Amino acid sequence: MNKDEQYYMSSVKIGPKGQIVIPKEARDMFGLQPGDTLVLMADKEKGIALQTVDKLNPLLKTVFNSLPSKDGEANDK
């Protein structure tokens, strides 16, 4: 796989302990290393997604900052 390619697709098998192996090409694509943390998100209709914490944190900050505080105002930090 070329480093500049945007998409990658592969199948993985679930092991007896419920574990999957993320293919090397996908790990390389996102710079994943042993010990890195991923967030698993699941929706019964849309499926399962894995996301790196560094990509998810800005989104979560935006979501939580848009929620009204106890005084009813959105937190725009």
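Numbering (this note's numbering), first residue to last: 12 to 88. Every residue, glycine too, gets a C-beta built ideally from N, C-alpha and C. Everything numeric in this text was worked out from a predicted model, so none of it was measured.
Please report how far the alpha carbon of residue i lies from the alpha carbon of residue j, in whole angstroms.
i, j, result
"Val64", "Leu43", "11 Å"
"Asp47", "Lys72", "20 Å"
"Pro27", "Val50", "21 Å"
"Gln17", "Asn68", "21 Å"
"Ile96", "Leu78", "Given a span of 12 to 88 for the chain in the structure shown, any question on residue 96 remains unanswerable."
"Ser22", "Gly29", "15 Å"
"Glu36", "Tyr19", "8 Å"
"Asp54", "Asp39", "26 Å"
"Leu45", "Lys81", "Checking the sequence, you will find Pro at residue 45 rather than Leu. Spanning the two alpha carbons is a distance of roughly 41 Å."
Leaving out five residues before and five after residue i in sequence, what residues of the same chain have Cβ atoms less than 8 Å from its Cβ?
i, result
"Ile25", "Ile31"
For residue i, which residues of its own chain have a beta-carbon under 6 Å away from its beta-carbon, when the five flanking residues on both sides are left out?
i, result
"Phe75", "none"
### Task
Within the segment 20 to 63, note down every full alpha helix (DSSP H) run reaching 4 residues or more, in order along the chain.
Restricted to the segment 20 to 63, the alpha helix (DSSP H) segments that are unbroken, complete and at least 4 residues in length are 35 to 41, listed in chain order.
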